[in-house]
Amino acid sequence: MAEHSTPHFHNQPGLASIRVGAREFMCIGALPPFDHPHIYIDMGGDSETICPYCSTRYIFDASLNGHANPSECEYQDQSET
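Per our numbering, the very first residue in the sequence shown carries number 1; after that it's consecutive.
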């Protein structure tokens, strides 16, 4: 089975903003079981966006190559490992 290619990010630490290396990603809010509906976000040509559920501000940083800063905000579904 193929792994999902869309990065998933969360804001469990409650940060005002998270830098991400992808313009298309899923926001899950906090870690399960306190997550919100997992929503697809597409920044398009913009350099930042705000999740409509949790109000996390995501800032695009191409140098992160699909990852997040801080890295603890990257979500890895344990059922997929």
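The beta-carbon is built from N, C-alpha and C at its ideal position, and this holds for glycine as well.
{"Item": "Hey, how far is the Cα of valine 20 from the Cα of proline 33?", "Value": "23 Å"}
{"Item": "Pick helix, strand or coil for cysteine 27, following the three-state DSSP scheme.", "Value": "strand"}
{"Item": "In this structure, what does DSSP give as the bridge partners for histidine 38?", "Value": "In DSSP, histidine 38 forms no bridge with anything."}
{"Item": "Can you tell me where the beta strand (DSSP E) with serine 17 in it begins and where it stops?", "Value": "17-20"}
{"Item": "Taking the beta strand (DSSP E) that glutamate 165 belongs to, which residues open and close that run?", "Value": "For the chain, the structure presents residues 1 to 81; residue 165 sits outside this window and is missing."}
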